[in-house]
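Number of protein chains: 2
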Amino acid sequence: MMTRLQRKNNPAALRLRLLDCAAQLIVEHGLPALTLDGVAREAGVSKGGLLHHYSSKDALIGGLFEMVVDWFGGQVEAAIDPDETRPARFSRAYLQVIAQIDMSVPSEKRLAVLILMLSSDPHFCARWTSWVEAQLREHQATDQSPVARCMRLAADGLWLSDLGGGPDSVATVRHEILQFLETLGTGRQS
Amino acid sequence: MMTRLQRKNNPAALRLRLLDCAAQLIVEHGLPALTLDGVAREAGVSKGGLLHHYSSKDALIGGLFEMVVDWFGGQVEAAIDPDETRPARFSRAYLQVIAQIDMSVPSEKRLAVLILMLSSDPHFCARWTSWVEAQLREHQATDQSPVARCMRLAADGLWLSDLGGGPDSVATVRHEILQFLETLGTGRQS
DNA sequence: TGAAACATACCGTCTGGACGGTTTTTTTCA
DNA sequence: TGAAAAAAACCGTCCAGACGGTATGTTTCA
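In order, the protein sequences belong to chains A and B.
Here the first sequence is numbered in my numbering, starting from 1 and rising by one per residue.
Here the second sequence is numbered in my numbering, starting from 1001 and rising by one per residue.
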């Protein structure tokens, strides 16, 4: 028996769940496996219900992209130590967020989706680039050195590597890499 | 008028053309746009003809996998200096191949983009990973250090960055990064 | 009560691929 | 050698199901 007070509808939560299920499908079975029927089934809702919130497949994908970018941006911003004055301040936070991804946690699979979307659609790619460039302008005093750039590039590589569960995503190896990158950042400035 | 001697069929060439057209479709319109009808049409052959050579869509995609892995593997192998004795021998070659990809050369760009796009397929990821791991076993004496790993990770990042034409793909910046990575490799060993 | 939130039913198109042919090339063997 | 036999290459048609999307309900809630 159900209590009277609990509301049956929770559209905001459903929208989130829809995006998460879409992400899950993409990560587990590749982009072509993303279907409206599949997402609806996974989210325990009818296709009509899905289409009520995202009026087309493109709208769904677009929503997914925005959510993931927003999420990542927030994470990075939160990871920037306000008292930090060393060079590569932003890049270090960028690396830290990516390094801390635990692919066994469902919500963090969102990041994997981001990379998949980037590598498949030039439109999203351009959007991502513009985000990065904006961040770079904001932190141009600290994050334009080759060291900083390499940190971010390695972070991207690590990110990509997490997708396939390659050798660099093993915990101990990963830790070694991160330590090395850390010493790199503190060492010098170009 | 046609000479008698020329053969009408050329199955090997057709198989190549089929893979080529498939690659083109993926690069231009994304992985979900890869259809048997589309490939057959583009290659100027019937769908039956296509299915004769690749008995299913999976088989066709599998053919693409092998093609790109072979290509990249060959490039790296060719880039390894046989007289080289320094550490990170393999990783340096790996980086060099990626760094030398000229996105303004269509054939190179197609292969490079294709590989990234295929990354959205878990099967491809597994295959790619197994290749990397095999290479790593072969070069375990020289390429297991954090420095070597970071070189490869940064190479992957650079690759991804090339896709979107981000700030790190600008020639001068790129050169700076590569120089920095080079000094990294010669510096020390873990 | 009416607007938002969802469900159900349905449609037109596309897609993978099965199938039975025909033509071309290679192999067999007398 | 060369004709017969086998195999490979390729074509055109057809179909069951999946897919994105619409149209029309029914329920929920402010």
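Yeah, the Cβ is synthetic: ideal placement off N, Cα and C, and Gly gets one too.
Residues D1143, A1148, M1151 and R1152 of the same chain have their beta carbon placed closer than 7 Å to that of S1091/B, with the five preceding and five following residues left out of the count. Contact annotation: I1098/B and A1155/B have beta-carbon atoms nearer than 8 Å. For Y1094/B and K1109/B, the gap between their C-alpha atoms comes out near 17 Å. Residue-level contact by beta carbon fails for I1101/B and chain A, as no gap is shorter than 8 Å.
When Cβ-Cβ separations below 8 Å define contact, G1038/B makes no contact with chain A. With a cutoff of 8 Å on beta-carbon distance, V39/A and L18/A are scored as near each other. A distance below 8 Å separates the beta carbons of V1068/B and L1118/B. Spanning the alpha carbons of L1181/B and G1157/B requires a straight line of approximately 13 Å. I177/A has a beta carbon lying within less than 8 Å of a beta carbon in chain B. Using a Cβ-Cβ cut-off of 8 Å, C1021/B does not count as an interface residue toward chain A, since no Cβ of chain A sits closer than that to its own.
Residues are counted here when their Cβ sits less than 7 Å from a Cβ of chain A; for the region 1103–1128 of chain B these are L1116, M1117, S1119, S1120, D1121, P1122, C1125, A1126 and W1128, given in chain order.
The residue among L136/A, P167/A, L14/A and E84/A with its C-alpha nearest the C-alpha of G48/A is L14/A. Exclusion of the five residues before and after A1033/B leaves L1025 and I1026 as the residues of its chain whose Cβ lies within less than 8 Å of its Cβ.
Contact annotation for V1147/B against chain A: F180 [CB-CB distance below 9 Å, chain order]. Leaving aside the five residues that flank L51/A on each side, none in its chain has a CB nearer than 6 Å to its CB. For E28/A, the enclosing alpha helix (DSSP H) begins and ends at P11 to H29. Looking at the backbone, the Cα of R1127/B and that of K8/A are separated by about 45 Å. With a threshold of 8 Å between beta carbons, S1055/B makes no contact with chain A.
Going by DSSP, D1037/B is part of the alpha helix (DSSP H) stretching over L1036 to A1043.
P1087/B has a beta carbon lying at 8 Å or more from every beta carbon in chain A. Non-local C-beta neighbours of L36/A in its own chain, meaning closer than 8 Å and more than five positions away in sequence, comprise K47, L50, L51, K57 and L60, ordered along the chain. The Cβ neighbour count for V1113/B, taken over all protein chains shown within 10 Å, is at least 16; the residue is labelled buried. The residue from H1175/B, D1121/B and P1167/B with its alpha-carbon nearest to that of L31/A is D1121/B.
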